[in-house]
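Protein chains in written order, with the numbering used here: chain A, 15 to 273; chain B, -18 to 47.
Every residue gets a Cβ at the ideal spot worked out from N, C-alpha and C, and that includes glycine.
Because the structure is a prediction, the values reported are computed rather than measured.
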Amino acid sequence: MTDDKLIIAGIEFQSRLWVGTGKYKDFAETKKAIEASGTDVVTVSVRRVNIIDKSKENLLDYIDPRKYKILPNTAGCFTAKDAIRTAMLAAEAGITKLVKLEVIGDQKTLFPDNEATLEAARTLLKEGLIVLPYVSDDPIMAKKLVDLGCPAVMPLAAPIGSGLGIRNPYNLRIIMESVKVPIIVDAGVGTASDVALAMELGCDAVLLNTAIAGAKDPIAMAEAMKYGVLAGRLAYMAGRIPKKLYATASSPIEGLIGS
Amino acid sequence: MTITLNGEKKSVPDAVTVLGLLEFLKIQQQRVAVELNMEIVKKDTYPTTALKDGDSVEIVSFMGGG
């Protein structure tokens, strides 16, 4: 498996499990969960610095940007303009040119506003950012984003934080056939079998946050997710047997006593 | 002079530069990005960009998120 590399825009990623840093009890738990997951990619949000409370700790004191690839998101943005502003600010911090572009269309579902996502992606790609767009599991939209120049796409499995898992594996398979860039399933996974399924379908990576942070034991779930992704990827590469209606015996017919 | 900093009015030294403001606030410049009156300030101009009374400044960094 050593030559099964995940490369996006010339960047080599060691792990096919990407993990968010939100919703944990505290930074110490965040750090432990990230370590247990074995990931080398973490997402972060872009927010105002706390001016008043100087004692407030910094996430990057716990998650070392030299050890992990930082993937800033544009979470909380409902317009292309806000997403562009947030992404450009993230890039100016000087740590990375990667951005997970999210332009949200609806508070309840947190589904992406695909039209605004396209518009923001167009601008950010021109500015030289490496845009990884969060998109609905729509092959047409995925292709439009890739045609613009996005080096990967991030279709949702289900609404963010819903834990519903891969609601439409068929769409994900169609996306894989429609675009020639890595596909990172993002949002909505709930447990290890969900990520294994995504990887068995042939997806290149899975990004999740709530499934780990919201689990009863986040550290254990992070480890479970690590194995889920590894198992799913290995199974995909191994080439599964076809599904059949009837049985085919596993034991030989020859040499049966009494025959 | 008074500027609006992250949405709140704040008293800062007259004609302070962006770099000076960060130092005044004891904020390390490596992990932040700064916006002045809705325009992103390039990091290499922090020492030379001076603020005026009434300016609006946003200082952001990376927080937890999915």
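Coil, strand or helix - residue i by DSSP
i: residue 114 of chain A; result: strand
i: residue 125 of chain A; result: coil
i: residue 78 of chain A; result: coil
i: residue -8 of chain B; result: strand
i: residue 184 of chain A; result: helix
i: residue 5 of chain B; result: helix
i: residue 96 of chain A; result: helix
i: residue 44 of chain B; result: strand
i: residue 88 of chain A; result: coil
i: residue 161 of chain A; result: helix
i: residue 37 of chain B; result: strand
i: residue 174 of chain A; result: coil
i: residue 83 of chain A; result: strand
i: residue 139 of chain A; result: helix
i: residue 25 of chain B; result: helix
i: residue 208 of chain A; result: helix
i: residue 149 of chain A; result: strand
i: residue 189 of chain A; result: helix
i: residue 35 of chain A; result: coil
i: residue 131 of chain A; result: helix
i: residue -14 of chain B; result: strand
i: residue 154 of chain A; result: helix
i: residue 168 of chain A; result: strand
i: residue -1 of chain B; result: helix
i: residue 270 of chain A; result: coil
i: residue 31 of chain B; result: strand
i: residue 14 of chain B; result: strand
With 16 other Cβ atoms within 10 Å as the buried cut-off, status of residue i
i: residue 235 of chain A; result: buried
i: residue 259 of chain A; result: exposed
i: residue 1 of chain A; result: Residue 1 of chain A lies beyond the residue range present for chain A, which begins at 15 and ends at 273; the question has no answer from this structure.
i: residue 39 of chain B; result: buried
i: residue 146 of chain A; result: buried
i: residue 214 of chain A; result: buried
i: residue 239 of chain A; result: buried
i: residue 83 of chain A; result: buried
i: residue 252 of chain A; result: exposed
i: residue 254 of chain A; result: exposed
i: residue 256 of chain A; result: exposed
i: residue 247 of chain A; result: buried
i: residue 158 of chain A; result: buried
i: residue 80 of chain A; result: exposed
i: residue -17 of chain B; result: exposed
i: residue 273 of chain A; result: exposed
i: residue -4 of chain B; result: exposed
i: residue 270 of chain A; result: exposed
i: residue 267 of chain A; result: exposed
i: residue 184 of chain A; result: exposed
i: residue 155 of chain A; result: buried
i: residue 19 of chain B; result: exposed
Report the residue ranges of all alpha helix (DSSP H) runs contained in full by the segment 214 to 268 of chain A; include only those spanning at least 4 residues, in chain order.
DSSP runs (the alpha helix (DSSP H)) wholly in the segment 214 to 268 of chain A: 224 to 227, 232 to 252.
Suppose only complete runs of 4+ residues qualify. What are the alpha helix (DSSP H) ranges in the segment 42 to 72 of chain A, listed by chain order?
With a minimum length of 4 residues, there is no unbroken run of alpha helix (DSSP H) contained wholly in the segment 42 to 72 of chain A.
Interface positions of the segment 43 to 71 of chain A facing chain B (Cβ-Cβ less than 7 Å), listed along the chain:
Listed by position along the chain: 44, 57, 58, 59, 60, 61, 62, 63, 65, 68.
Evaluate the contact criterion for the segment 71 to 84 of chain A versus the segment 115 to 133 of chain A: three or more CB pairs, one atom per stretch, below 8 Å.
With the rule of 3 Cβ pairs closer than 8 Å, the segment 71 to 84 of chain A does not count as touching the segment 115 to 133 of chain A.
Taking contact to mean 3 or more Cβ pairs, one atom from each stretch, closer than 8 Å, check whether the segment 221 to 229 of chain A and the segment 21 to 28 of chain A are in contact.
At 8 Å Cβ cutoff, the stretches do not touch.
Could you please tell me which residues of the segment 87 to 112 of chain A, in chain order, have their CB closer than 9 Å to any CB of chain B?
Closer than 9 Å at the C-beta level to chain B, one finds these residues of the segment 87 to 112 of chain A: 87, 89, 90, 99, 100, 102, 103, 104, 105, 106, 107, 108, 109.
Chain B contacts made by the segment 221 to 237 of chain A, where a contact means CB separation under 9 Å
Under the 9 Å Cβ criterion, the segment 221 to 237 of chain A contributes 221, 222, 223, 224, 227.
Is there contact between the segment 43 to 55 of chain A and the segment 236 to 255 of chain A, where contact requires at least three CB pairs shorter than 8 Å?
Cβ pair count under 8 Å is three or more, so yes.
Is there contact here, the segment 3 to 13 of chain B with the segment 99 to 112 of chain A, by at least three beta-carbon pairs under 8 Å?
Verdict: yes, contact present.
Using a Cβ-Cβ cut-off of less than 7 Å, list which residues of the segment 200 to 212 of chain A approach chain B; keep chain order.
Within the segment 200 to 212 of chain A, no residue qualifies.
For the structure I just gave you, are there three or more beta carbon pairs, one from the segment 18 to 32 of chain B and one from the segment -7 to 10 of chain B, closer than 8 Å?
Segments in contact, yes.
Using a Cβ-Cβ cut-off of less than 9 Å, give me the residues of the segment 12 to 23 of chain B that come near chain A, in sequence order.
Per Cβ criterion, the list reads 12, 13, 14, 15, 16, 19, 21, 22, 23.
In the segment 131 to 157 of chain A, which residues sit with their C-beta less than 8 Å from some C-beta in chain B, listed in chain order?
Under the 8 Å Cβ criterion, the segment 131 to 157 of chain A contributes no residue.
At a cut of 8 Å, does the segment 82 to 97 of chain A reach the segment 54 to 68 of chain A through at least three beta carbon pairs?
Enough Cβ pairs lie closer than 8 Å, so yes.
Cβ contact (3+ pairs, closer than 8 Å) linking the segment 118 to 128 of chain A and the segment 136 to 143 of chain A:
Because the criterion of three Cβ pairs below 8 Å is not met, the segment 118 to 128 of chain A and the segment 136 to 143 of chain A do not touch.
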